[in-house]
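Going left to right, the sequence shown walks through residues 1 to 108 as this note's numbering numbers them.
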Amino acid sequence: MAEKKVEKKLVATAGTYDVLRRPIISEKAAKLSESNGVVFEVAMSATKEDVAKAIEVLFDIKPTKVNIVITKGKVKTFRGRSTGTQRKVKKAYVSLPKDAKLDLATDM
């Protein structure tokens, strides 16, 4: 008997949209986009697997590699008296396959 191969379709859930906060547009991100790389700000609770699944669901592209970096908030002085810190940011550097096209800098 011939077996039918069934593909499992990934479906976007409410949590999928919460993983990717926004794309980061900077000089470093523009340089990475030349070699099929994209940078996103992600939720602090997101893991590499969460980011990879969210990109696969939202953009129909399976990433080859995901690296995550947490940048600590800078200490700032307000009007010379009180000090405070900016918020921490979690970034995901995503490598895409050679044939994939996802250019967020020019699409916006």
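Ideal placement from N, C-alpha and C gives every residue a C-beta, glycine not left out.
{"Query": "Secondary structure of G80, DSSP reduced to three states", "Result": "coil"}
{"Query": "Exposure label - D99; buried when at least 16 CB within 10 Å", "Result": "exposed"}
{"Query": "K53 versus S35 - alpha carbon distance", "Result": "21 angstroms"}
{"Query": "Residues near K65 in its chain [Cβ-Cβ closer than 8 angstroms; skip 5 each side]", "Result": "V94, S95"}
{"Query": "Neighbour-count burial assignment, A46, 16 or more Cβ in a 10 Å radius", "Result": "buried"}
{"Query": "M108, buried or exposed, once every other Cβ within 10 Å from all chains shown has been counted against 16", "Result": "Low confidence applies here, because M108 scores a pLDDT of 45, under 50, leaving its location unreliable; read the following figure in that light. That one is exposed."}
{"Query": "Reference L102, options V19, E56, I70, V89, closest by Cα", "Result": "E56"}
{"Query": "Cutoff 7 angstroms; reference V75; Cβ partners in own chain excluding five residues on either side", "Result": "T83, T85"}
{"Query": "Residue from R87, L32, I25, G37 whose Cα sits closest to the Cα of I61", "Result": "G37"}
{"Query": "I68 - containing beta strand (DSSP E), residue span", "Result": "65–71"}
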